[in-house]
Amino acid sequence: MSPRLATFVVFLLNGGVFGTWASRVPALAEQIGAEPGSLGLALLGASTGLAFTAPLAARICAVHGSRTVLIASSLLSPLLLPVLALSQSPVQFGLTLIALGASVAAMDVSMNIAAVVVVRDLQRPLMPQFHAGFSVGGLIGSLGSAAAAQAHWTPMKHFLLAALVGLIITAITAKAIPGGVGERHREEETERVNVLKSPVLWLLASVALCSAIAEGAAADWSALFMVRERGMGDAAGAYAYAGFSVTMALARWFGEPIQRTLGPHRLLAAGGGLAATGLATAVLVPLPVAGYLGFGLAGLGLAFSFPVVMDLASETGKRADGSGGERELGLVTTIAYTGFLAGPPIVGGLAHVSSLVVSLGFVALVTALIIPATWFAKKAAKQPASV
Numbered sequence: 196m197s198p199r200l201a202t203f204v205v206f207l208l209n210g211g212v213f214g215t216w217a218s219r220v221p222a223l224a225e226q227i228g229a230e231p232g233s234l235g236l237a238l239l240g241a242s243t244g245l246a247f248t249a250p251l252a253a254r255i256c257a258v259h260g261s262r263t264v265l266i267a268s269s270l271l272s273p274l275l276l277p278v279l280a281l282s283q284s285p286v287q288f289g290l291t292l293i294a295l296g297a298s299v300a301a302m303d304v305s306m307n308i309a310a311v312v313v314v315r316d317l318q319r320p321l322m323p324q325f326h327a328g329f330s331v332g333g334l335i336g337s338l339g340s341a342a343a344a345q346a347h348w349t350p351m352k353h354f355l356l357a358a359l360v361g362l363i364i365t366a367i368t369a370k371a372i373p374g375g376v377g378e379r380h381r382e383e384e385t386e387r388v389n390v391l392k393s394p395v396l397w398l399l400a401s402v403a404l405c406s407a408i409a410e411g412a413a414a415d416w417s418a419l420f421m422v423r424e425r426g427m428g429d430a431a432g433a434y435a436y437a438g439f440s441v442t443m444a445l446a447r448w449f450g451e452p453i454q455r456t457l458g459p460h461r462l463l464a465a466g467g468g469l470a471a472t473g474l475a476t477a478v479l480v481p482l483p484v485a486g487y488l489g490f491g492l493a494g495l496g497l498a499f500s501f502p503v504v505m506d507l508a509s510e511t512g513k514r515a516d517g518s519g520g521e522r523e524l525g526l527v528t529t530i531a532y533t534g535f536l537a538g539p540p541i542v543g544g545l546a547h548v549s550s551l552v553v554s555l556g557f558v559a560l561v562t563a564l565i566i567p568a569t570w571f572a573k574k575a576a577k578q579p580a581s582v
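When we follow this note's numbering, the leftmost residue of the sequence shown carries the number 196, and every step to the right adds one.
What follows is the structure, given as structure tokens:
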């Protein structure tokens, strides 16, 4: 197996883990007896683990390379799924999500660094295709969840099978996973580069933040929205995130000509506008078909946000020899996870005092902020960077 294929499969596995548990949120919420407010606080656990682990994982990968971190987290993440299914209260659910979020964060950071290594070794713009792997994994996970719900499988039975599949995938890909930048440029990574002073990075991180809030809302709340606001069953509700994942995966896999035509900044702005329109359609038109269509458009619009931002961020730290950019990736990834940190309690809190329609409408407004953030990032990129 080539490093490129192994890295793609790891992206797919990460998406599969996420899609598996996220699409079973309605069943898990019923199991633990959670209303939107308490569920939002419980989901905060995953975001907390993500946000606090991402910068640590980036530092470890910068010094030691991504391979060890990636293999360890790829083993741990599937194993935590059955543990999640043991939850009997919102508190237990939230605590387990902290551990799962931490493992997924380490996996996410290390796989993106591994992807940068492959992209630079092959000198091809493959980042969107790697992220398509995540989307395909999310699709597979959500479809598996829909099938499990339709077959009346308990979350435990479902998650045990998913964990076994994840462990087998990790065992097959482990040897081919690239070693990572740290092993090649360890002495250069000891330099203290102050990336915090770069306005371009902060603006790119803002784009990633808004995108993460929208993507997290679709993952965590789309199924519940379709069940509670549009009267669909658990199985049918899971198809909302499946549609989101399908359009995102297709755009990432086949959208390279569009990326070359529009350029990164225009693509980011157009995508943000399309995603905001899709979310607005889902919440404003009280029909199930509008919900599915809206979440599908949101997936299409957000398809390039994270991979394009990661590409632009890594380029700001690229050295003359073609290495570098790990710390920049770590910063943007950490800020993006703040979106996952803020999203669940905001959506859940607003839904508690109003409805999921209002809370997801707010997410649509946040998504629209991608447009001005992208414009300012493009403008700032023309100015000399501070380091």
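Idealized CB from N, CA, C, for every residue including glycine. For clarity, every value in this text was computed on a predicted model and none was experimentally measured.
Check this for me: beta carbons of residue i and residue j, under 8 Å apart or not?
i    : j    : result
T528 : N307 : yes
G466 : L497 : yes
A444 : V331 : yes
L507 : P459 : yes
L555 : A485 : no
G244 : L281 : no
Q454 : F490 : no
A249 : G525 : yes
L265 : A309 : yes
V395 : A576 : yes
P231 : A358 : no
A403 : W570 : no
M322 : M196 : no
G333 : F206 : no
A300 : Y532 : yes
If residue i sits next to residue j, beta carbons under 8 Å apart, how far is it from one beta carbon to the other, in whole angstroms?
i    : j    : result
L495 : L479 : At roughly 18 Å, the Cβ-Cβ gap does not stay under 8 Å, so L495 and L479 are not in contact.
L462 : V558 : L462 to V558, Cβ: 21 Å. No contact.
Q419 : P221 : Looking at the sequence shown, residue 419 is not Gln but Leu. Right, their Cβ atoms sit about 5 Å apart.
L457 : A568 : About 17 Å; that fails the 8 Å criterion.
On the CB-based measure, 16 or more other CB atoms within 10 Å of its CB, does residue i come out buried or exposed?
i    : result
R199 : buried
A572 : buried
A412 : buried
D316 : exposed
A229 : buried
T349 : exposed
F535 : buried
E382 : Low local confidence applies: a pLDDT of 46 at E382 is under 50, so the model's placement there is unreliable, with the coordinate-based value given in what follows. Looking at its Cβ environment, which holds fewer than 16 other Cβ atoms inside 10 Å, E382 is exposed.
E180 : The first residue shown for the chain is 196 and the last is 582, placing residue 180 beyond what the model contains.
V553 : exposed
H326 : buried
L482 : exposed
G428 : exposed
Q345 : exposed
H347 : exposed
A342 : exposed
V548 : exposed
S401 : buried
R447 : buried
P452 : exposed
Q283 : exposed
I363 : exposed
S581 : Note that S581 has pLDDT 45, beneath the 50 cutoff, so the model's placement of it is unreliable and the number below is only indicative. With fewer than 16 Cβ atoms within 10 Å of its Cβ, S581 is classed as exposed.
Q324 : buried
Runs of alpha helix (DSSP H) wholly within the stretch 395-480 (minimum 4 residues, chain order): Counting only unbroken stretches of 4 or more residues, the alpha helix (DSSP H) elements lying wholly within the stretch 395-480 are 429-449, 451-457, 459-479, in sequence order.
With a threshold of 8 Å, are at least 3 pairs of Cβ atoms found where one atom belongs to the stretch 329-343 and the other to the stretch 430-445? Verdict: yes, contact present.
Are at least three pairs of beta-carbons, each pair with one atom in the stretch 223-243 and one in the stretch 256-268, less than 8 Å apart? no
Count the CB pairs spanning the stretch 276-296 and the stretch 561-572 that are closer than 8 Å, and state whether there are at least three. Short answer: they don't touch.
Between the stretch 293-308 and the stretch 266-274, do three or more beta carbon pairs fall short of 8 Å? With a cut-off of 8 Å, the stretch 266-274 and the stretch 293-308 count as touching, because enough Cβ pairs lie within range.
Segments of 3+ residues assigned as beta strand (DSSP E) that fall wholly inside the stretch 287-367: none
Curious, which full-length beta strand (DSSP E) runs of at least 3 residues does the stretch 484-545 contain? none
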